[in-house]
Amino acid sequence: MIRRAVAADAGAIVAIEQTSFDDPWSAAAVEQELSERSRLVVVDGRLRGWATVMVVGSTADLLRIAVRPEHRRVGLGAALLDAAVAAAVTAAATEMLLEVQHDNRPATALYATAGFEEIARRADYYGPRRHAVVMRRPLGQDPPPDGARLLP
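Reminder that position 43 of the sequence shown reads as 43 in the UniProt record's numbering, one-by-one numbering, no gaps.
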């Protein structure tokens, strides 16, 4: 079950961040993210993963998506991504953008499978020799996949 995140989820989200990124968001950053009206933040009901999307006009930006290491490779990332896309479509976004480190093969494969295509590269975006791949997916042409409905 994927649902909208609430303030009480902040601690679990911070723990997911700490096990998922070299540069995890702080508790203050996560709390700020949860309070922003322009953000669509979703979590797995058991708090094994999270995703956050910013919608400005007709463009949605996937800002973060992460799954606890022990729950990876079982489809949870895809479910979170599907829910994030569905939430963006509901918010009237017509495209979604994201950046991913060029050598993060599991993530780039997930995004490609979900219909994202590379549109640009940003050299040294994440640090020396850590380049970003910018990816884009048009939204709204197809209905969200089964199970991508976001629970209130």
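All residues carry an ideal CB built from backbone N, CA and C; glycine is no exception.
Distance check for residue j and residue i, CA to CA, integer angstroms please.
i: residue 132; j: residue 122; result: 5 Å
i: residue 43; j: residue 128; result: 32 Å
i: residue 85; j: residue 139; result: 8 Å
i: residue 148; j: residue 90; result: Bear in mind that the predicted position of residue 148 carries a pLDDT of just 48, short of 50, making it unreliable; the figure below should be weighed with that in mind. Roughly 12 Å between the two C-alpha positions.
i: residue 204; j: residue 13; result: This structure cannot speak to residue 204, because the chain is shown only from 1 to 152.
i: residue 41; j: residue 25; result: 14 Å
i: residue 105; j: residue 62; result: 17 Å
i: residue 134; j: residue 111; result: 11 Å
i: residue 16; j: residue 64; result: 11 Å
According to DSSP, residue i sits in a beta bridge with which residue or residues?
i: residue 49; result: 67
i: residue 138; result: 95
i: residue 30; result: Answer is none; residue 30 lacks a bridge partner.
i: residue 59; result: 56, 95
i: residue 36; result: Per DSSP, none; premise fails for residue 36.
i: residue 101; result: 132
i: residue 17; result: DSSP output for residue 17 lists no bridge partner at all.
i: residue 120; result: 134
Is residue i near the ligand COA - that is, is its Cβ less than 7 Å away from at least one heavy atom of it?
i: residue 136; result: You won't find the ligand COA in this model; it holds no ligand whatsoever.
Throw me the rounded Cβ distance for the residue i and residue j pair, which I believe falls under 8 Å.
i: residue 60; j: residue 30; result: 19 Å between Cβ atoms; not a contact.
i: residue 66; j: residue 35; result: Not a contact, Cβ separation roughly 19 Å.
i: residue 54; j: residue 37; result: No, residue 54 and residue 37 are not in contact; Cβ-Cβ is about 11 Å, not under 8 Å.
i: residue 72; j: residue 101; result: 16 Å between Cβ atoms; not a contact.
Quiz item: Does the segment 112 to 131 touch the segment 81 to 100, meaning 3 or more C-beta pairs lie closer than 8 Å?
Solution: yes
Quiz item: Counting pairs of beta carbons, one from the segment 5 to 25 and one from the segment 34 to 54, are three or more of them closer than 8 Å?
Solution: yes
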